[in-house]
Amino acid sequence: GAGSPEPPARFGPGAGAAGRAVLERRSAEVGGGCSAARFPLQDTTPDELLSAVMTAVLQDVKLSPAQLGDICVGNVLQPGAGALMARIAQFLSDIPETVPLSTVNRQCSSGLQAVASIAGGIRNGSFDIGMACGVESMSLADRQNPGNVTSRLVEKEKARDCLIPMGITSENVAERFGISREKQDTFALASQQKAARAQSKGCFQAEIVPVTTTVRDDKGTERSVTVAHDEGIRPDTTLEGLAKLKPAFKKGGSTTAGLTVEDVDIFEINEAFASRLLCGEAATAP
Numbered sequence: 181g182a183g184s185p186e187p188p189a190r191f192g193p194g195a196g197a198a199g200r201a202v203l204e205r206r207s208a209e210v211g212g213g214c215s216a217a218r219f220p221l222q223d224t225t226p227d228e229l230l231s232a233v234m235t236a237v238l239q240d241v242k243l244s245p246a247q248l249g250d251i252c253v254g255n256v257l258q259p260g261a262g263a264l265m266a267r268i269a270q271f272l273s274d275i276p277e278t279v280p281l282s283t284v285n286r287q288c289s290s291g292l293q294a295v296a297s298i299a300g301g302i303r304n305g306s307f308d309i310g311m312a313c314g315v316e317s318m319s320l321a322d323r324q325n326p327g328n329v330t331s332r333l334v335e336k337e338k339a340r341d342c343l344i345p346m347g348i349t350s351e352n353v354a355e356r357f358g359i360s361r362e363k364q365d366t367f368a369l370a371s372q373q374k375a376a377r378a379q380s381k382g383c384f385q386a387e388i389v390p391v392t393t394t395v396r397d398d399k400g401t402e403r404s405v406t407v408a409h410d411e412g413i414r415p416d417t418t419l420e421g422l423a424k425l426k427p428a429f430k431k432g433g434s435t436t437a438g439l440t441v442e443d444v445d446i447f448e449i450n451e452a453f454a455s456r457l458l459c460g461e462a463a464t465a466p
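Residue numbering for the sequence shown follows the working numbering, beginning at 181 and increasing consecutively.
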């Protein structure tokens, strides 16, 4: 509407913020995998994914965007100037520029760090309501390019190790702690079975935000599709089938794509596209 946007809700002087509880108001997640070539979200940009969950969270709790005191987005594969993608998503969600936003990269725990950052801001009294998010698009990222790093990294072993792919890290962990291929396959089977059971019961359906996007087939024909559930789950997975998979990262290794599916090289599900609203108990959010 017209007029000045509402100021972000904040604790006043002497509000005793240290004693405030941090409340999880709502969690929304985007369904579908983003790394296999046949998955429909593979070409959907991360700002669009993030905007979908930001918008859904605000609608679910009926919160005016201007009431947000801060936004923190966990994002490892940051394009442009870091906060660029997240800031675009903010404006696509009609959240005004008066709401500050930052991005944080703590590798696989980036989303958790975003939650911790927002929770910390609430506890120290900086604001009453904040949004913690996480987003990635593995399929659109150039994972072969480490960016602008010094050639001196070869002089320090730990510096060189920063370029080790996560798949090789998995192999190193398995070797160090004696985690056999059989144990990994058993865990993979249990993971697939739990995911399939949860999906069949609709356990997380209320948390999944359907995303409508455009996909293009091999002939260049475009069509609109709506992704409303996680598509990487394989309920028919068996130990026999897992045992036939070849090592994914090195010859003679033990790590396969068994935790996902055969045709997925890197796969992140749900957590990478989540948005969480946190508020102090004194906040006026419904």
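Glycine residues also receive a C-beta, built at the ideal position from the N, C-alpha and C atoms.
- Across the structure, D365 and L419 are spaced so that their CA atoms are roughly 7 Å apart.
- Along the length of the region 346-414, whole alpha helix (DSSP H) runs at least 4 residues long occupy 346-357, 361-380, reported in chain order.
- If you draw a straight line from the Cα of Q239 to the Cα of R323, it is about 35 Å long.
- By the neighbour-count criterion, in which a residue is buried when 16 or more other Cβ atoms sit within 10 angstroms of its Cβ, L343 is exposed.
- With a beta-carbon spacing of about 4 Å, I298 and A312 fall inside the 8 Å limit used to define contacts.
- A direct Cα-Cα distance of roughly 11 Å separates P326 from P345.
- Where D250 is concerned, the enclosing beta strand (DSSP E) starts and stops at 250-254.
- When DSSP reads this structure, R286 sits in a beta bridge with C288.
- Relative to Q287, the option among L272, K242, I348, L257 whose CA is nearest is L257.
- In the three-state DSSP reduction, I302 falls in the helix class (H, G or I).
- L425 has no beta-bridge partner at all, per DSSP.
- If you ignore the 5 residues before and after K430, its C-beta comes within less than 7 Å of the C-beta of I348, E351, all in its own chain and listed in chain order.
- Relative to the Cα of G314, the nearest Cα in the group Q270, T278, R356 belongs to Q270.
- Counting only the Cα atoms, G412 lies some 21 Å from G291.
- When the Cα atoms are used, R396 and T225 turn out to be separated by approximately 14 Å.
- L281 is bridged by DSSP to I251.
- At the C-beta level, G421 and P427 stay beyond 7 Å of one another.
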